[in-house]
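Chemist: Questions regarding the structure given below will be posed in turn.
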Amino acid sequence: MVKRVLNRNEGRVDDNLETIKKRLTVFQALSLPVINYYSEKGKLYTIKAIGTEDEIFEQVRPIFAAFENKIVLLVNFIECIITCNNGKGHPFKYPVELVHFCPGGSDRYELEGE
Numbered sequence: 002m003v004k005r006v007l008n009r010n011e012g013r014v015d016d017n018l019e020t021i022k023k024r025l026t027v028f029q030a031l032s033l034p035v036i037n038y039y040s041e042k043g044k045l046y047t048i049k050a051i052g053t054e055d056e057i058f059e060q061v062r063p064i065f066a067a068f069e070n071k072i073v074l075l076v077n078f079i080e081c082i083i084t085c086n087n088g089k090g091h092p093f094k095y096p097v098e099l100v101h102f103c104p105g106g107s108d109r110y111e112l113e114g115e
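Under this note's numbering, the first residue of the sequence shown carries the number 2, and numbering increases by one thereafter.
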């Protein structure tokens with residue numbers, strides 16, 4: 002990884018061995034607890050991000066496809082809450098808005114919140 006970053010030629014002044022090692026240390030310190038948390042819950046999915054964008058996407062596609070029905074159910078639940086609330090007030094702790102999402106059809110949505 003260090004060799005790849007040093008050879009990427011982006012012209013960054015801070016692309017030196019010491020800074021790269023610090024970045025990797027910070028990345029590991031911040032990322033490993035999150036990775037371990039989701040791994041312990043059985044909710045961690047790993048892929049080998051090697052290959053073309055299309056090859057990597059083909060590894061990711063079945064993971065997202067497995068969740069498509071759950072996303073639709075969640076959106077239907079939230080739409081029901083909004084409808085039952087007659088649009089008065091906001092039943093959520095944080096503002097949530099429905100954003101168009103189309104993995105399998107034009108009638109799919111995802112959530113976007115703060």
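Yeah, the Cβ is synthetic: ideal placement off N, Cα and C, and Gly gets one too. Note that the structure is predicted; figures quoted are calculated from it, not measured.
(1) For the alpha helix (DSSP H) that contains V14, what are its first and last residues?
(2) Beta carbon of I51, beta carbon of I57: below 9 Å?
(3) Taking 8 Å as the cut-off, is the CB of F28 close to at least one heavy atom of the ligand NAD?
(4) Q60 and K44 - do their beta-carbons sit closer together than 9 Å?
Modeler: So, from the listed chains and residues:
(1) Counting along the chain, V14 falls outside any alpha helix (DSSP H), and DSSP gives it neither H nor E.
(2) yes
(3) The ligand NAD is not part of the structure shown, which contains no ligands of any sort.
(4) no
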